[in-house]
Structure formats: C-alpha cells, structure tokens
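What follows is a short report on a single structure.
Here's what the structure looks like:
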C-alpha cells in the first residue's frame, strides 16, 4: 500500500493519500467539534473529481450532520465517509484497516452506501 503524507498543489491542501487495490484515494481528516457538513465533503469530492481515476476518503472523527446522512441515498459520489468509531475499532484491533476499507468499498459499490456501519461483521 502506498501512503503519502499531507501535500499541497496549486489551490489545494491534501491531508494525505493512499493507493489501495490499484486505486488512489485522497484523504481528508476532520477532527472538529461539530459533525461535518455537505460543503466540507463537497470540497474533497471536487479534489478527487479533478484527478484521473482518484477517489476520496473523508474521515470525520465526530461524524456527519443529519443533512448528509439523510441525503446519502440520492448521492452518487466517489468519496467514502468514515467516522471516529471506525478508527477506534481499528485501533482496538476489532478489525484491520484493510478489512474496514474492503467492507466500505463493497457497501459503496454494491449498495451505493458511502457511509457504512462501524460494526462491519454484523451488518
């Protein structure tokens, strides 16, 4: 797996990037008090959309606003949404990051669900 630290290109700040299973993913990490909103996710979507065959992973440690979660079935996007619970489960060894990413990608690809349940083994 390729991993990149944060970097800047003209007009953009990228928190990091990974290459997984042949695809590049831009990483956006928000560790803010409030749940993230649609405008914040749109920013990562535009960054990913402007690059050849790139996807995004938006990690909001405090989750996402209700507007985002209600509108998800209407969205067709190339950005996966993960929260702090997902990463606490990785840190605690409940599942690996690879298992999480494989599950999240399957949910997005098969069910158009870009925000998956953190309990990946019982969903």
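In my numbering, the protein residues as written are 13 to 135. Don't be surprised by glycine CBs; every beta carbon is placed ideally from N, CA and C. Source: prediction; values computed, not measured.
Beta-carbon proximity list for residue i, same chain, < 7 angstroms, skipping 5 on both sides
i, result
"residue 44", "74"
"residue 31", "13 and 14"
"residue 27", "18, 39, 40 and 41"
"residue 102", "108, 109 and 112"
Contact set for residue i: own chain, Cβ-Cβ below 8 angstroms, skip 5 residues either direction
i, result
"residue 48", "42, 70, 72, 74, 75, 76, 77 and 80"
"residue 67", "35, 36, 37, 38, 60, 90, 91 and 92"
Residue range of the beta strand (DSSP E) that includes residue i
i, result
"residue 18", "Residue 18 -> no beta strand (DSSP E), and no H or E assigned at all."
"residue 24", "24-26"
"residue 70", "66-72"
"residue 39", "35-42"
Opening and closing residue of the alpha helix (DSSP H) in which residue i lies
i, result
"residue 59", "50-61"
Beta-carbon contacts of residue i that lie in its chain and below 6 angstroms, excluding the five residues immediately before and after
i, result
"residue 96", "73"
Legend entry - Length-filtered (3 minimum) beta strand (DSSP E) runs lying within the segment 75-130: Runs found: 91-95.
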